[in-house]
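Our numbering applies: residue 88 is where the sequence shown begins, and numbers increase by one.
Ideal Cβ placement from N, Cα and C applies to all residues, glycine included.
Structure, as structure tokens:
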Amino acid sequence: MSDHYPLPETPAQQNISFELNGEAVTRSASDAGTLLDILRESGQITSARPGCRVGRCGACQVLLDGCAVPSCLVMAWQLPGRHVQTVEGLNKDPDFLAVRDALASESALQCGYCTPGFAVSLVAGIRQRRQGSKVDLTECVAGNLCRCTGYGGLRRAIARLAAPGCADEADGRSTSEQEKL
Numbered sequence: 088m089s090d091h092y093p094l095p096e097t098p099a100q101q102n103i104s105f106e107l108n109g110e111a112v113t114r115s116a117s118d119a120g121t122l123l124d125i126l127r128e129s130g131q132i133t134s135a136r137p138g139c140r141v142g143r144c145g146a147c148q149v150l151l152d153g154c155a156v157p158s159c160l161v162m163a164w165q166l167p168g169r170h171v172q173t174v175e176g177l178n179k180d181p182d183f184l185a186v187r188d189a190l191a192s193e194s195a196l197q198c199g200y201c202t203p204g205f206a207v208s209l210v211a212g213i214r215q216r217r218q219g220s221k222v223d224l225t226e227c228v229a230g231n232l233c234r235c236t237g238y239g240g241l242r243r244a245i246a247r248l249a250a251p252g253c254a255d256e257a258d259g260r261s262t263s264e265q266e267k268l
């Protein structure tokens with residue numbers, strides 16, 4: 088019997104094709120790679136941020152086929168044919184603008200590291216509510232952590248977003264006015 092153990096094989100690289108922020112992309116990834124790894128390695132996506140890497144902090148939250156998910160838990164091999172949306176792809180979206188404005192107006196977050204994850208979770212919640220779900224927006228951010236704030240501003244921002252008509256308006260402009268931007 089040998090006193091040494093063989094090194095594990097290097098995971099194979101493969102090309103993964105999926106839709107990122109409305110654009111078809113192909114990225115090289117290892118079999119052991121995650122969506123977070125793919126997004127960060129491209130250098131173009133900085134909103135999905137590594138935090139815990141076990142799906143508990145929400146810093147890497149993205150929309151995958153319209154659902155908010157921690158990108159650190161989505162394996163590269165799960166991506167072919169899927170639709171991924173990050174904050175970079177939401178910058179003109181009326182739901183995102185409403186979330187951004189509510190968070191800013193209520194000084195909801197401080198350093199900004201976790202902000203994109205909170206925003207993505209809230210956008211997903213607003214969209215679920217619009218489709219008739221009675222989802223509580225507070226529950227939508229239950230998986231998001233912030234180490235800087237006491238959550239008071241965040242609670243106020245969520246209350247603002249949950250107010251009737253807020254999901255259809257941002258900055259006092261109607262949805263049709265926002266589309267002109």
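Rounded to whole angstroms, the separation of the alpha carbons of residue 224 and residue 249 is 7 Å.
Beyond the five residues adjoining it in sequence on each side, residue 192 comes within less than 8 Å, by CB distance, of 244 and 247 in the same chain, given in chain order. Beta-bridge analysis with DSSP links residue 113 to 104. If you look at residue 154, you'll find it in the beta strand (DSSP E) that goes 154-157. Distance between residue 91 and residue 227, taken at the CA atoms: about 49 Å. The secondary-structure analysis by DSSP pairs residue 148 across a beta bridge with 157.
Counting the other CB atoms within 10 Å of its CB gives residue 131 a total below 16, which places it among the exposed residues.
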